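To start, the structure itself, in structure tokens.
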Amino acid sequence: MVNRRLPVRKIKEILRLKHACGLTEREIAQSCNVARSTVADYAERAKSAGLSWPEAAVLTEVQLEARLFPTLHLPPSAHRPCPDCEYIYNELRSHRNVNLTLTQLWLEYKEKHPDGYQYTQFCEYYRRWRDKLDYCMRQEHKAGEKVFIDYSDSLSIVDLATGELIPTQLFVAVWGASNYTYAEATLSQTLPNWIGSHVRAFHYFGCVPRLLVPDNLKSGVHDPCFYEPELNPTYADMAEHYGCAVLPARPRRPRDKAKVEAGVLIAKRWILAVLRHRTFFGLGEINAAISECLEQLNTRPLRRMRKSRRDLFQSIDYPHALPLPQRPYEYAEWRKARVNIDYHIELDGHYYSVPFQLLREKLDIRLTLATVEAFHKGERVAAHARSYLKASHTTVKEHMPLEHRKYAEWSPSRIIEWAGKIGSATAQLVEKIMGSRTYPEQAYRTCLGIIGLGKHYEPERVEAAAERALKFNTCSYKSMRAILATGLDRQRDAEQQPGQTASLPHKNIRGSEYYTTVNQEESDA
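Sequential numbering from 470 applies to the sequence shown in the numbering used here.
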């Protein structure tokens, strides 16, 4: 049974990996960061509901939960549940200091499964499983199934301006069955480089594997947990775009990544060793040289097979791999943002509108170079062209409430009335700021900030600062805050002579006396 329901997006990912990618329950559990029993439960529920993957992809959250969690309870299974030997093995290893025994684990097993095995059969079942652990089985890779991915230190680039050596990283991707290899140099292992290298590797292969097996790099795996690694949302989004799954290698298990480590070793011998005496002045130059060496590596006949890696790839992996989509993946970042009282979300200093019904809700945001998409419970609720203007707004009229009846307390008249409690100049300043925007709601944050200054300063000072801001036409929250912080609100305009502007004392402002002295010295000379 599922004690806590997963997010709909993760449920759909489980069903996609099960039906579209054909992964096992253990592989799906590792990829989605859930328990294997949870994967089995959701797969069984979908099967009982007659729910296939293409149908589940278009269902809403409410519809999917109604299909997977009907009111009628399914009858319990009649077969005797088997012990979870891997759990028993890890518990015995992790709790040696408390002298944990098989007897205690059997008692816990019987509490969960009263109709389960008795103690003798329980121990025998576990010992048979444990006796097979010491055998090292040769990994057999299915055609078109896996690509192993890792990084290695690469050659350096010479900075023409300073002569400094800039290190690079070598990205290596190796097919499991054919050993067909792709490699390129990047400046770092950050997320944009990580995703970009994958996209270029798929383009080089002309197809997509069914499984990506990366090492536990931070750009691809947020939490490199031994049992439940957590994928980076952007990496998972890229895998979904190409229709493949991600199965990270287990940390501290070199057998899981033996293929890519051998590929890295070969890449060093046939690429880095060949180019070790050459000097490079740019990333494009070094990748052009790597491409030439890579071509020789993939077309060189293997001794035992008498075929090249490319020949093996064309005959083994390529026919069984997934086709490339019509367009390559566009790099996107996932963030979270809360909707403010003006039904806008703030991203990199710019404000984007969302439907006003989502006030104060926390949304998932997908950012690309050109677009901004907002999602609520897996459904897209807003989409905008991305803007890089700071302190500006992008507002869709349909997102605004009708006459603001539901949120009348935040109407422009209410804010002006609130500002009027401080003084007439403050109310006039707030009204002028709201009048300068396309929609008054876009100025709510600024106006509330100005009114909030009354919590830190006396009302008389805020009113005097507002008068000064109106006089010099510096109508903004930052200007008001600066006036109050520097004490300019306390200066008397009467102290200034007619036609004379106020100036601040500063060591770089010389004054008329300086030039009088200089002219006198030149005359004497």
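For glycine and all other residues, C-beta sits at the position ideal for the given N, C-alpha and C.
In this text, all values refer to a predicted model and were calculated from it rather than measured experimentally.
What is the rounded straight-line gap between the Cα of Q532 and the Cα of E524?
-> 11 Å
Residues that DSSP places opposite V643 in a beta bridge | F617, T650
Go ahead and pull the three-state DSSP assignment for V931.
-> helix
Whose C-beta lies closer than 8 Å to the C-beta of R848 among residues of the same chain, with five residues either side of it excluded?
-> Per the sequence shown, the amino acid found at residue 848 is Glu instead of Arg. Cβ within range, chain order: T529, E530.
In terms of residues, what are the limits of the beta strand (DSSP E) holding S777?
-> Neither: S777 is in no beta strand (DSSP E) and is coded neither H nor E.
Where the beta strand (DSSP E) containing W803 begins and where it ends | 802-807
Going along the chain, which residues of its own chain have a beta-carbon closer than 7 Å to the beta-carbon of E482, five neighbours each way excluded?
-> C501
Collapsed DSSP secondary structure at P552 in the structure displayed | coil
Proximity winner among A843, E754, R679, relative to A646 (alpha-carbon distances) = R679
What residues in its chain sit with their C-beta under 8 Å from that of S995, if we drop five residues either side in the sequence?
-> A query on residue 995 cannot be resolved here, the shown segment of the chain reaching from 470 to 994 and no further.
Would you report the Cα separation of G904 and P870, rounded to the nearest angstrom?
-> 19 Å
Taking the CB atoms as reference points, tell me whether N568 and R778 lie closer together than 8 Å.
-> no
Under the assumption that W522 contacts L484 (Cβ atoms under 8 Å), give the Cβ distance between them as a whole number of angstroms.
-> 5 Å
Taking buried to mean at least 16 other C-beta atoms within 10 Å of its own C-beta, is K487 buried or exposed?
-> buried
Name the one or two DSSP bridge partners that S861 has.
-> H819
Would you call the CB atoms of Y594 and P552 closer than 8 Å?
-> yes
When we look at the beta-carbon of K615 and count the other beta-carbons within 10 Å, is it buried (16 or more) or exposed?
-> buried
DSSP state of S521, grouped into three classes?
-> coil
Terminal residues of the continuous alpha helix (DSSP H) containing E534?
-> 530-537
What separation, rounded to the nearest whole angstrom, lies between the Cα atoms of A963 and T943?
-> In this prediction, A963 has a pLDDT of 43, which is less than 50 and means its spatial position is unreliable; nothing more can be read from the coordinates.
When DSSP labels each residue in this structure, what does K890 get in the three-state scheme?
-> coil
From E867 to A654, what distance separates their C-alpha atoms?
-> 47 Å
Neighbourhood of H667 by C-beta distance below 7 Å, restricted to the same chain and skipping five residues each side | M707
What number of angstroms, rounded off, separates the C-alpha of I480 from the C-alpha of I740?
-> 43 Å
Under 8 Å between C-beta atoms of V823 and L836 | no
Going by C-alpha distance, which of F640, L744, L953 is nearest W663?
-> F640
So is T507 buried or exposed if we call it buried at 16+ other beta carbons inside 10 Å?
-> buried
Give the range of the alpha helix (DSSP H) segment to which V668 is assigned.
-> 660-674
Quick one: Cα of A896 to Cα of E802, how far?
-> 41 Å
Rounded to whole angstroms, what's the CA-CA distance from C592 to E560? Just pull it up for me.
-> 15 Å
Which ranges would you report for the alpha helix (DSSP H) in the region 734-795 if only whole runs of at least 4 residues count?
-> 752-768, 778-781
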